Amino acid sequence: MPRIRLPRSLRPTLIVLALAGLACDEPAAPAVHKGKPRAQQQAEEAKAFEEGAPAAPKEAISAAALIDRARPLLGATALSAESPTNPLTDAKIDLGRKLYYDPRLSKGQTFSCNSCHDLAHYGIDTRERDGGRARTSEGHKKQFGERNSPTVYHAAFGLAQFWDGRAADVEAQAQMPITNPVEMAMANPESVIAVMKSIPGYLPLFQAAFPDDSDPITFENIGKAVGAFERKLVTVAPFDRFMKGDTAALDDDQLRGLKVFLDAGCTQCHTGPSVGGTQFQKLGTTKAWPEPLADTGREKHTGAAADRYFFKVPTLRNVTETGPWLHDGSVTSLERMVQLMAEHQTSGGKLTAEQTRLLVAFLGALRGDIPRDYIAEPQLPENGPTTPGPDPS
Ligand code: HEC
Ligand code: HEC
Numbered sequence: 033m034p035r036i037r038l039p040r041s042l043r044p045t046l047i048v049l050a051l052a053g054l055a056c057d058e059p060a061a062p063a064v065h066k067g068k069p070r071a072q073q074q075a076e077e078a079k080a081f082e083e084g085a086p087a088a089p090k091e092a093i094s095a096a097a098l099i100d101r102a103r104p105l106l107g108a109t110a111l112s113a114e115s116p117t118n119p120l121t122d123a124k125i126d127l128g129r130k131l132y133y134d135p136r137l138s139k140g141q142t143f144s145c146n147s148c149h150d151l152a153h154y155g156i157d158t159r160e161r162d163g164g165r166a167r168t169s170e171g172h173k174k175q176f177g178e179r180n181s182p183t184v185y186h187a188a189f190g191l192a193q194f195w196d197g198r199a200a201d202v203e204a205q206a207q208m209p210i211t212n213p214v215e216m217a218m219a220n221p222e223s224v225i226a227v228m229k230s231i232p233g234y235l236p237l238f239q240a241a242f243p244d245d246s247d248p249i250t251f252e253n254i255g256k257a258v259g260a261f262e263r264k265l266v267t268v269a270p271f272d273r274f275m276k277g278d279t280a281a282l283d284d285d286q287l288r289g290l291k292v293f294l295d296a297g298c299t300q301c302h303t304g305p306s307v308g309g310t311q312f313q314k315l316g317t318t319k320a321w322p323e324p325l326a327d328t329g330r331e332k333h334t335g336a337a338a339d340r341y342f343f344k345v346p347t348l349r350n351v352t353e354t355g356p357w358l359h360d361g362s363v364t365s366l367e368r369m370v371q372l373m374a375e376h377q378t379s380g381g382k383l384t385a386e387q388t389r390l391l392v393a394f395l396g397a398l399r400g401d402i403p404r405d406y407i408a409e410p411q412l413p414e415n416g417p418t419t420p421g422p423d424p425s
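Residue numbers (our numbering): 33 to 425.
Right, dumping it as structure tokens:
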């Protein structure tokens, strides 16, 4: 074997390259197969995927090591999002559940919160339009808003509410759809209170929920009761069992998908136990978004040009069930959604077909169990003699 002697000047470069290769195994670095340049690896994997060729023998993957790596970035969910200003009591939650399902909080008495955030279906709007799930929601008089209805599960953990964060918490948020003209369309808070007071069965429920208030039926208390109910809208997923140390909770693809998720840097934004909900970020961070964006996002709320195209990073819990995706519901395939994220939000760029498949498998591990008993539709108090009927105008 002839020995190749390298010119002295090249040696430091090689050392740097070798170190760069090692650094690839550090967390947060983009996914790179040891020793091979990323582009070459991706090309090979993509080719193998297209030809249906047998995949290269898989490296063993350690669930325990992944738990250690993921725990500080993600973590198991809490079972309720506690609030210092709105302590959770059973009476408040029971009232909130009734209000959540009560269409009499809407002018036409056809829409409740559950119409656009169906709790039996992961808290989103599952109504169809043009042969698929509607991208945005139908409200009063068949009007459609501009944004996709986000899930209410795990929403209370978010740093703020709405895609642009214009409501501070679920209590403040819950008051807003009721008087939104394209949603529940009530004229004003006073008309809402009048309806509530006309339903005799509500007074004792408000009294039990707000025992210190002499006149407990207020718009603010409606927000507090609904908010209290929402604070326990939590789904527990295989991922939570995994974060608590059950190494068998994720299957092999999900484990590998979690590694891709961490390697690709998705956790820079989708972080915390809700795998999102903790930041506002620009859509098109590392590369401009491929389609023109009609919605300027957080800029609409703050008026600051620096906030243009910033949206709340959504929770990825139950994301396999909550499509179509994005603030405008414009993406209808989760595979494409994940690829768009890699390409436009991360520095690593495009994913291979296999990486995409694994990522989507991992996202499936974030699908939790619907808390059927907690969300069971309650019996609503009956109309009184002065309760107004539906007003379709
Ligand atoms: C007509 C459909 C519709 C109705 C009815 C409706 N919502 Fe929504 N909801 C939406 C849409 C659309 C958004 C997103 C709007 C935005 O971000 O600007 C939203 C956002 C939310 C959010 C924010 C979630 C997050 O992660 O930011 C919560 C919480 C919520 N709604 C709860 C409720 C409650 C409680 C009610 C009943 C009082 C209700 N909604 C009634 C459509 C609806
Ligand atoms: C720089 C921040 C950032 C990074 C990194 C990032 N995302 Fe996102 N992600 C967002 C934001 C912001 C949105 C919402 C944008 C919108 O609705 O317009 C989003 C939306 C999503 C959605 C749609 C969720 C829904 O309910 O509509 C999925 C799925 C998703 N991201 C997955 C990923 C994956 C997988 C990665 C890693 C490859 C990733 N994201 C990396 C910021 C980021």
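Backbone N, C-alpha and C fix where the C-beta goes; we use that ideal spot for every residue, glycine too. Owing to the predicted nature of the structure, the values given are computational and were not obtained by experimental measurement.
By alpha-carbon positions, which one of the options ends up nearest to residue i?
i           : options            : result
residue 179 : 310, 356, 398, 164 : 356
residue 261 : 408, 92, 106       : 408
residue 366 : 381, 338, 396, 138 : 396
residue 293 : 390, 128, 254      : 390
residue 250 : 220, 263, 269, 268 : 220
residue 114 : 388, 107, 190      : 190
residue 393 : 284, 335, 316      : 284
residue 405 : 255, 152, 91       : 152
residue 156 : 324, 91, 352, 273  : 352
residue 361 : 92, 177, 93        : 177
residue 100 : 274, 301, 328, 372 : 274
residue 373 : 237, 264, 317      : 317
residue 126 : 378, 327, 265      : 265
Roughly how many angstroms separate the alpha carbons of residue i and residue j, rounded to a whole number?
i           : j           : result
residue 21  : residue 402 : For the chain, the structure presents residues 33 to 425; residue 21 sits outside this window and is missing.
residue 282 : residue 380 : 25 Å
residue 257 : residue 321 : 39 Å
residue 268 : residue 411 : 26 Å
residue 288 : residue 170 : 39 Å
residue 161 : residue 124 : 36 Å
residue 103 : residue 400 : 18 Å
residue 388 : residue 298 : 13 Å
residue 415 : residue 167 : 34 Å
residue 311 : residue 202 : 16 Å
residue 276 : residue 248 : 41 Å
residue 291 : residue 371 : 16 Å
residue 132 : residue 146 : 6 Å
residue 93  : residue 295 : 14 Å
residue 225 : residue 245 : 15 Å
residue 421 : residue 130 : 18 Å
residue 65  : residue 91  : Here the model assigns residue 65 a pLDDT of 43, short of 50, so the residue's position is not dependable, and the following value carries that caveat. Going by the C-alpha atoms only, they are around 10 Å apart.
residue 427 : residue 384 : Coverage of the chain is limited to positions 33 through 425, which leaves residue 427 absent and any answer about it impossible.
residue 324 : residue 271 : 35 Å
residue 209 : residue 200 : 14 Å
residue 222 : residue 301 : 40 Å
residue 181 : residue 192 : 15 Å
Whose C-beta lies closer than 6 Å to the C-beta of residue i among residues of the same chain, with five residues either side of it excluded?
i           : result
residue 175 : 214
residue 424 : 140
residue 331 : 339, 340
residue 413 : 231, 233, 234
residue 188 : 113, 202, 262, 263
residue 228 : 234, 249
residue 128 : 257, 258, 260, 261
residue 239 : 248
Flag this pair as yes or no: are the beta carbons of residue i and residue j separated by less than 8 Å?
i           : j           : result
residue 186 : residue 347 : yes
residue 359 : residue 342 : no
residue 398 : residue 349 : yes
residue 419 : residue 144 : no
residue 121 : residue 154 : no
residue 27  : residue 303 : Beyond the ends of the chain as shown, which are 33 and 425, falls residue 27; an answer cannot be given.
residue 254 : residue 206 : yes
residue 150 : residue 158 : yes
residue 363 : residue 313 : no
residue 109 : residue 243 : no
Residues in the same chain with beta-carbon distance under 7 Å from residue i, minus the five sequence neighbours each way, listed in chain order, please.
i           : result
residue 333 : 196, 197, 198
residue 60  : Low per-residue confidence applies at residue 60: pLDDT is 39, beneath 50, and the placement is therefore not dependable enough to give any value.
residue 134 : 144, 412
residue 118 : 203, 256, 259, 260
Can residue i be considered in contact with ligand 4, in the sense that its beta carbon sits closer than 7 Å to one or more heavy atoms?
i           : result
residue 300 : As presented, the structure is devoid of ligand 4, carrying ligand 1 and ligand 2 as its sole ligands.
Ignore the nearest five residues each way along the sequence and tell me which others in residue i's own chain have a CB closer than 8 Å to its CB.
i           : result
residue 95  : 274, 279, 280, 282, 287
residue 217 : 138, 139, 140, 171, 172, 173, 211
residue 376 : 315, 316, 317, 318, 319, 320, 321, 322
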